[in-house]
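Read in order, the letters of the sequence shown are residues 43 to 260 in the working numbering. Structure, as structure tokens:
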Amino acid sequence: MSVRINDTAPDFTAESTAGTIRFHDWLGDSYGIIFSHPRDFTPVCTTEFGAVAQLSGEFAKRNTKVIGVSVDSVEEHQKWKRDIEAFAGSPADFPIIDDTSLTVAKAYDMLPADYYLPTEGRTPANTATVRTVYIVGPDKKVRLTMSYPMSVGRNFAEILRALDAVQATDGVPVATPANWVPGQDVIVALSLNDAQAKEKFGEIDIKLPYLRFAKPQN
Numbered sequence: 043m044s045v046r047i048n049d050t051a052p053d054f055t056a057e058s059t060a061g062t063i064r065f066h067d068w069l070g071d072s073y074g075i076i077f078s079h080p081r082d083f084t085p086v087c088t089t090e091f092g093a094v095a096q097l098s099g100e101f102a103k104r105n106t107k108v109i110g111v112s113v114d115s116v117e118e119h120q121k122w123k124r125d126i127e128a129f130a131g132s133p134a135d136f137p138i139i140d141d142t143s144l145t146v147a148k149a150y151d152m153l154p155a156d157y158y159l160p161t162e163g164r165t166p167a168n169t170a171t172v173r174t175v176y177i178v179g180p181d182k183k184v185r186l187t188m189s190y191p192m193s194v195g196r197n198f199a200e201i202l203r204a205l206d207a208v209q210a211t212d213g214v215p216v217a218t219p220a221n222w223v224p225g226q227d228v229i230v231a232l233s234l235n236d237a238q239a240k241e242k243f244g245e246i247d248i249k250l251p252y253l254r255f256a257k258p259q260n
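This is the structure:
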């Protein structure tokens with residue numbers, strides 16, 4: 043069963059570098075980002091965890107908790123964190139889940155369509171598609187998903203931008219246009235007619251009958 047946008051994010055209990063995590067309880071009233079990796083001590087993953095460490099203040103400003111998933115043990119994660127911190131120059135102070143059982147990977151449908159997972163000698167290739175991103179809202183609903191192949195490092199500036207867009211449109215009758223960044227105009231939802239849109243947003247810029255822009259509301 044795939045995990046789709048607007049599904050309730052699967053809850054789980056797992057050991058992590060921050061102790062036992064009960065995901066929904068840990069998330070609380072925050073947004074959450076789950077980002078997963080095939081294995082510890084792999085090159086692309088090390089750069090990605092380093093990027094998250096460097097952005098910890100940005101996520102905190104957005105009331106967002108980040109949690110990493112890797113299919114190795116907490117003991118291995120603790121050793122790997124030293125490499126991540128040495129590379130990034132920032133502490134990797136977010137939890138990293140022990141998913142040796144692949145419980146989280148399977149619950150979130152992170153594995154390839156056809157996979158064989160040996161119990162011994164598992165390599166990154168065996169868990170190649172465990173390279174996904176989920177943004178989860180405070181209501182525990184999945185807001186956004188992304189999946190990447192092993193060879194392509196994620197752009198965490200885009201993940202941060204996507205988080206901003208999710209938060210800007212959450213519960214508000216607007217959408218964001220292509221390449222939107224915070225501060226730019228947003229698109230008025232078609233659920234509002236022109237009069238309703240002007241009442242809510244003030245002046246609107248009507249490009250097409252179905253494409254109307256407004257200043258974002260803070």
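C-beta atoms are modelled at their ideal positions from N, C-alpha and C, and glycine is treated no differently. A quick note: this is a predicted structure, and the numbers were derived from the prediction, not measured.
Within the region 224 to 258, the complete alpha helix (DSSP H) runs of at least 4 residues fall at 236 to 243.
DSSP, read as helix, strand or coil, puts alanine 102 in helix. Setting aside the 5 residues that flank it on each side, asparagine 48 is surrounded in the same chain by Lys183, Val184, each with a C-beta closer than 7 Å to its C-beta; the list follows chain order. When the Cα atoms are used, isoleucine 246 and alanine 239 turn out to be separated by approximately 7 Å.
Judged by DSSP in its simplified three-state form, alanine 147 adopts helix. For arginine 46, the secondary structure class from DSSP, reduced to helix, strand or coil, is coil.
Each of Ala220, Thr50, Arg203 was checked against the Cα of leucine 69, and the nearest Cα belongs to Thr50. With fewer than 16 neighbouring CB atoms inside 10 Å of its own CB, leucine 253 falls in the exposed class. If the five residues before and after alanine 60 are omitted, its C-beta is found closer than 6 Å to the C-beta atoms of Pro137, all from its own chain and listed in chain order. The C-beta separation of isoleucine 201 from threonine 218 comes to about 15 Å, leaving the pair out of contact by the 8 Å criterion. Of the residues assessed, alanine 102 falls on the exposed side of the cut-off, its CB having fewer than 16 other CB atoms within 10 angstroms. Counting only residues of its own chain and dropping the five nearest sequence neighbours on each side, alanine 93 has a CB closer than 6 Å to the CB of Phe198.
Between threonine 106 and tyrosine 73, the C-beta gap is smaller than 8 Å, which places the two residues in contact. In the same chain as valine 208, and ignoring 5 residues on each side of it, the C-beta atoms closer than 8 Å to its own belong to Tyr73, Ile177, Gly179, Arg185, Leu186, in chain order.
About 17 Å separates the beta carbon of phenylalanine 129 from that of valine 108, a gap too long to meet the 8 Å contact definition.
Boundaries around aspartate 140 are those of the beta strand (DSSP E), 138 to 140, since no alpha helix (DSSP H) includes it.
Among the bridge pairs identified by DSSP, valine 178 is matched with Gly74, Val184.
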